[in-house]
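Residue numbers (our numbering), protein chains in the order written: chain A, 10 to 196; chain B, 10 to 196. Working notes, beginning with the structure itself.
Protein chains: 2
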Amino acid sequence: MATTDNRDPRVIRTHNDVPAVALRLLLDEGWEAVTPARVATEAGYSRATVYTHWPERVDLLRDAFAQFGEMPHHEANGDAETDLRGELASFCRAMVEHRLDRALATLAERAQTNPEIAPIRDAFVADGERPMRQILPALAEGPAAEAALQMLCGMVTHSVLMHGNPPSDEVLDAAVDIVMRGLAQRD
Amino acid sequence: MATTDNRDPRVIRTHNDVPAVALRLLLDEGWEAVTPARVATEAGYSRATVYTHWPERVDLLRDAFAQFGEMPHHEANGDAETDLRGELASFCRAMVEHRLDRALATLAERAQTNPEIAPIRDAFVADGERPMRQILPALAEGPAAEAALQMLCGMVTHSVLMHGNPPSDEVLDAAVDIVMRGLAQRD
């Protein structure tokens, strides 16, 4: 990708460093740690620099989530059942290993009281769901496909955010079995 | 229920008023509004009173969630499929009408960084899931029952917390169809 970026290299560096620090603070300590003063100190910039580039906290959050980067996903092999199982396992791993649990919990909570956060959450969730949305058309369409997606992703988010742990392998397997059989048996 | 409460009636009143105000602030404005100073002002008590009864913020949160009271649930009629549909519809309504979305988002987010919140979340979630856990044994057991529960509840929490809306009636219906057929077709 040879896009030309004509900005001052120092500006580019600031634009990468500061959100990376904001994301680390968010995942390590939670949203309340992500203040311009704290981020400036940790990133080694002045508070004025942080305020100039990110006048609103929501701007900093948006750029911090962009730093989350590409989540590891299962590499699709074309068999829908295998791909569903692989993608769900990747989702569970990202919850633990990439602290996606904290990222999603923060976005869910912040979006409740700050309407500006909802589009950041929506974009982040859409990115995460994309691979599963590519697998499902081989199995179902319309409300059945949407139900399967919401149930399978939802099992993982509910288990992690409401129970504190991803579902066990046995429960994941049973869920895919139920969905595969339930979809195959439709009228 | 004729339990005898020998505490000073003023103490009992404080113990009900203050958590009710804390819960209202939490649902209206989010966790950051629930400071002892703000709660004291809104409830018409001194800050000292609030600090005396709830030395830690987590104590106040625990009592606030106890004020959430009994969520409206579907009245079971004994047909598992009808009961599942009814219970899911009640869950969706509570998300919107009782602002269960905000309650769950706050608990999920706070539990990430404060281990003392996890037991409050767990008790609240267990209460909410109880009716569905009573319906499922008629349909499945073991990992299949747990998978069905996590998928059906998860569809609602994922949809509300990650997409900002409960699932549509069409998607809810499709989900119950998939689960009923998937469970019926098990080996």
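Don't be surprised by glycine CBs; every beta carbon is placed ideally from N, CA and C. Only a predicted model underlies this, so the values are computations on that prediction, with no experimental measurement involved.
Annotated three-state conformation of B/Asp88 is coil, per DSSP. For A/Tyr60, the enclosing alpha helix (DSSP H) begins and ends at 56 to 62.
Here B/Gln143 is exposed. Its C-beta has fewer than 16 other C-beta atoms within 10 Å. Look at B/Arg33: its C-beta is not under 7 Å from any C-beta on chain A. Separation of B/Ala156 and A/Arg22 (C-alpha to C-alpha, rounded to the nearest whole angstrom) is 46 Å. Here the alpha carbon of B/Arg56 sits roughly 51 Å from the alpha carbon of A/His82.
Chain-ordered listing is empty here: chain B has no CB closer than 8 Å to the CB of A/His107, the nearest sitting near 14 Å. Using a Cβ distance threshold of 7 Å, B/Met160 and A/Ala135 do not count as a contacting pair.
The beta carbon of B/Leu181 lies closer than 6 Å to those of Leu97 in the same chain, with the five residues before and after it left out. Chain-order list of chain A residues neighbouring B/Leu161: Met160, by C-beta distance under 8 Å.
Within its own chain, the residues whose Cβ lies closer than 8 Å to the Cβ of A/Val105, once the five positions on either side in sequence are excluded, are Pro175, listed in chain order.
Contact of B/Glu155 with chain A is assigned, a C-beta pair being separated by under 7 Å. The criterion of a C-beta distance shorter than 7 Å is satisfied by A/Cys101 and A/Val165. Annotation: the continuous alpha helix (DSSP H) that includes A/Gly191 extends over 178 to 193.
Three or more beta-carbon pairs drawn from the region 140 to 154 of chain B and the region 84 to 99 of chain B are found closer than 8 Å, and the two stretches are therefore classed as touching. Take the alpha-carbon of A/Asn123 and the one of B/Gly151: they are about 40 Å apart.
Counting only Cβ-Cβ distances below 7 Å, B/Gln121 has contacts in chain A at Gly39, Asp110, Arg111, Ala114, in chain order. Between A/Val27 and A/Val59, the beta carbon gap of about 6 Å places them in contact (Cβ cut-off 8 Å). B/Thr91 is outside the set of residues whose beta carbon lies under 7 Å from a beta carbon in chain A.
With respect to B/Ala85, A/Gln121 sits apart: the two C-beta atoms are not nearer than 7 Å. By the beta-carbon neighbour count (other beta carbons within 10 angstroms, threshold 16), A/Ala73 is buried. In this structure, DSSP gives B/Gly151 a helical state, which the three-state scheme calls helix. Closer than 7 Å to the CB of B/Glu96 there is not a single CB belonging to chain A. Remark: C-beta atoms of A/Asp110 and A/Val169 approach each other more closely than 7 Å. Taking a Cβ-Cβ cut-off of 7 Å, A/Leu145 has no neighbours in chain B, whose nearest Cβ is about 12 Å from it. Burial check for B/Glu118: the Cβ neighbour count within 10 Å reaches 16 or more, so the residue is buried. For the region 181 to 195 of chain B, the set of residues with a beta-carbon nearer than 9 Å to any beta-carbon of chain A comprises Leu181, Asp182, Ala183, Ala184, Val185, Asp186, Ile187, Val188, Met189, Arg190, Gly191, Leu192, Ala193, Gln194, Arg195, in chain order. For B/Glu38, the secondary structure class from DSSP, reduced to helix, strand or coil, is helix. By the beta-carbon neighbour count (other beta carbons within 10 angstroms, threshold 16), B/Gly87 is exposed. For A/Arg16, there is no enclosing alpha helix (DSSP H), since its DSSP letter is neither H nor E. Residues of the region 59 to 80 of chain A with a Cβ closer than 8 Å to any Cβ of chain B: none. Residues of the region 125 to 149 of chain A with a C-beta less than 8 Å from any C-beta of chain B: Ala127, Arg130, Asp131, Val134, listed in chain order.
One alpha carbon belongs to A/Arg19, the other to A/Pro45, and they sit about 19 Å apart. For B/Ser177 and B/Gly163, the gap between their C-alpha atoms comes out near 14 Å. A Cβ of chain B is located within less than 7 Å of the beta carbon of A/Gly173.
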